[in-house]
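The block underneath contains the structure these notes are about, expressed in structure tokens.
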Amino acid sequence: MKVCVLGAGPAGLYLSILLKRADPAHEIEIFERNAPGATFGWGVVFSEETLGELRDADYATFLRITDTFARWDAIDIHYRGEVLRSRGHGFSAIARKKLLAILQERCRELGVVLHFETTIDDPAQLPEADLVVAADGVNSLLRRSRDFGTRSAPQGCKYIWYGTDLVLDAFRFSFAETEHGLIQTHSYPFDEHTSTVIVECPEPTWRAAGLDRMGDEESIAFCENLFARDLAGHRLLSNKSAWLSFPRIRNRRWSDGNVVLLGDSAHTAHFSIGSGTKLAMEDAVALANAFVRRGHHDRAAVRAALVDYELERRPMVDRFQQAAADSAGYFERVRHHTGLPPRQFAVNLLTRSGRISHANLAVRDPEFVRRADLDFAGEPDRLFAPPPFLTPLHLGKTLIPNRLVVTGEPRGAGLVRTEPIAVSEDGRITPDTPVGPGSWPVDPVHEAGALAMACLTHAGRRGATRPARSGVDVPLPSDEAWPLLSASAVPFGPLSQVPKAADDEDLARIRDQFASATAEAATAGFDLLELDFAQGRLLASFLSPLTNPAEDRLRFPLEVLTACREVWPDERPLVVRLTVTDWAPRGATIDDGVAYARAFAEAGASMIHVEAGQTVAESRPVYRRGFLTAISDRVRAEAGVPTLVGGHLTTTDEVNTVLAAGRADLCLLSLET
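The sequence shown lines up with residues 1 to 673 when you count with our numbering.
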């Protein structure tokens, strides 16, 4: 097979090695515009999992790479004048220039033809080949020459990639408060002389500090002065370093005919959770193995191999990109977490992408987690503390025995939440929805050692539907349905009843119905009250621009909250169940939801129960395990209000991770009945 590779980065070089090793008859040529020794950036980090793949793919190359590795297992977090170290993380790194030299040498040994300092401005300049590989990076010429359905958008902070002659012994995160905002570094060693230092900050901070107007020397001087204590008298080094925005690249497909995308030309993942080089070399392994499986005897075999490659790699890359997006978003908003205690801040950072959990961290560094759990429990002088989910929560004057919340029966949880209880007959979701909290059995919950929370709702335009066992939002027959109300006369779905837009008389009646049901819940002995402002129900419909054209969308929900707060005992917490984002075009955003949460807290809400989506039938939810956790993290940090979060949390490890990191104060478990 004749193979033409554009780009002599790690992806193109390693693929060529693997293809040539699998079949020495392959004729492989690589074309690269730069000189053999030219490279940008500093060190490349590999995980233990990636090293296992490299060992199995080509042991000779693996040995040469690992013989020059810098290895360490610790992460240091410099925060509020403290250094918190977490061990057991297992990193390996190599100078990018050294890695390229090893791969180039191996290519030559195997008979791959390398063309350096060869500029290709048009794909037509490349020789005819059975396979053409676009390994030419983020700005790939080959990708731009065809329609791969490319989407590219900036992600995370502004950043600049420096080196330093300080040799570190750990991966280091440092955070510096400035008058312009928070600026942070990601640093790690990669050989016996040098470490990488990535400086980053949100774009508004970058501009306010004047970094957008500084030249190379000025920028280095600014960063050296800001992180002087970390650098300990050492210098920052530039290699054509420039402030950049990280591009998140995705493609609808990774191949077109005999042209295939590899590495950064196919996808990127933010540097804060790992190396693009790692992903690129894993791509190369998968693509080479696809040809081993499928062969290359004709065009159909080549095409089958390319399909296999994408089917194998895309799911993993999608997960990695999602984790990278979570991590990039964390660092863009990390200033909001600076109110966390040091060790909880560290746990929040270490678990930011979802790849490390509380239990996993305990395996890596049991002493770090032991001390984190003690701090979480507020008893740092004890030898051991209970896991976070078993730590009681003081919410105002109310003590919740543990941090688990369930709906229905206690089953060991600290808080039992009722199913939605309608405040009126026409506020029911289905004919089975109970009306009024007075008949709900509170005593069995208290006898089990738990507290009880009544969830009061008015279904609004999502009412008069069949029970969920018959399907979600399936309308009742017209002769069984009741009239619906909403903020506007917009039906929930194409088959839904058109609701009446509530007038002033309707609003006054609904407000009084919520207040009356609240008083009934207090008399019935409920310990907490939850008002349902979520998922397209009546009060939620006032908060979304998709269902309420008015400018003051908070007015009526705040009236209801105030009316309920007045009749609900002061010492008992009042929770607002809130759709923080509509997950729909032109709908309420997370920024809107944070502002709503802040307003409700100021009006007397003790806690926000975080929800998302379902405002409109055509919403675009992002359901996955713990899908509400990052949203809860933002509400808690930015609105400064305690949160309750669910979102398919099914294990105590997931709950411990959420709590220990300060992303929520209570967790709703999803349990099979």
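Glycine included, each C-beta is placed from N, C-alpha and C at the ideal position. The structure displayed is predicted, hence computed values, not measured ones.
Own chain residues within Cβ distance below 7 Å of residue i, not counting five before or after
i	result
Thr547	Ser486, Ala487, Ser488, Val490, Ser541, Thr615
Ser145	Pro123
Ser245	Pro154, Lys158
Pro366	none
Leu476	Ala464, Thr465, Arg466
Ile590	Val580, Thr581, Ile631, Arg634
DSSP-derived helix/strand/coil call for residue i
i	result
Val113	strand
Leu287	helix
Pro386	coil
His193	coil
Thr673	Low local confidence applies: a pLDDT of 48 at Thr673 is under 50, so the model's placement there is unreliable, with the coordinate-based value given in what follows. Here Thr673 sits in coil by DSSP.
Ser353	coil
Arg151	strand
Ser245	strand
Val616	coil
Arg335	helix
His78	strand
His234	coil
Val132	strand
Gln184	strand
Asp429	In the sequence as displayed, the identity of residue 429 is Ile instead of Asp. Coil, per DSSP.
Tyr159	strand
Lys240	coil
Ser47	coil
Asn258	coil
Lys98	helix
Ile30	strand
Asn139	coil
Spatial distance of residue i from residue j (CA atoms)
i	j	result
Ala8	Glu332	32 Å
Thr457	Ile421	6 Å
Thr673	Asp432	Unreliable positioning characterises Thr673 in this predicted model, as indicated by a pLDDT of 48, which lies under 50. A coordinate reading is not provided.
Trp72	Met1	41 Å
Ala38	Gly613	49 Å
Ala288	Leu19	6 Å
Asp503	Phe556	11 Å
Gly408	Leu100	60 Å
Leu126	Ser265	17 Å
His337	Leu350	13 Å
Asp506	Ser496	21 Å
His267	Arg151	10 Å
Ala70	Arg335	31 Å
Phe148	Arg294	23 Å
Leu54	Ala286	11 Å
Asp532	Ser606	14 Å
Arg85	Asn225	24 Å
Thr164	Leu539	56 Å
Gln104	Pro380	54 Å
Ser619	Thr643	23 Å
Ala284	Arg106	15 Å
Arg636	Leu168	34 Å
His394	Ile400	6 Å
Leu340	Ala660	11 Å
Thr61	Ala22	14 Å
Cut-off 8 Å between Cβ atoms - residues of its own chain near residue i, not counting five sequence neighbours on either side
i	result
Val655	Pro388, Phe389, Arg403, Leu404, Leu649, Cys667, Leu669
Arg108	Leu114
Val658	Gly626, Thr629, Ser632, Val645, Leu649, Ala664, Cys667
Lys98	Thr68, Asp191
Gly604	Leu561, Thr562, Arg565, Leu574
For residue i, the residue or residues it bridges with in DSSP
i	result
Trp72	Phe91
Cys455	Glu530
Ala501	Ser486
Val610	Leu578, Val645
Ser86	Ile75
Glu177	Leu182
Any non-hydrogen atom of the ligand ZN within 6 Å of residue i CB
i	result
Ser606	Absent from the structure shown: the ligand ZN. Ligands present: none.
Contacts around residue i, its chain only, beta-carbon distance under 6 Å, and the 5 residues preceding and following it disregarded
i	result
Val423	Leu456, His458, Gln513, Phe514, Ala517
Ala521	Pro437, Ala454, Leu529
Val576	Leu531, Phe533, Phe600, Ala605, Ile608
Trp714	The requested residue 714 does not occur in the structure, where the chain is confined to residues 1 to 673.
Leu306	Ser255, Val260
Count Cβ pairs between the stretch 9-23 and the stretch 270-287 that sit closer than 8 Å; are there 3 or more?
yes
With three or more C-beta pairs closer than 8 Å as the rule, is the stretch 229-243 touching the stretch 114-134?
no
Do the stretch 557-567 and the stretch 505-516 make contact, defined as three or more Cβ pairs closer than 8 Å?
yes
The stretch 173-187 / the stretch 205-221 touching (three or more Cβ pairs under 8 Å)
yes
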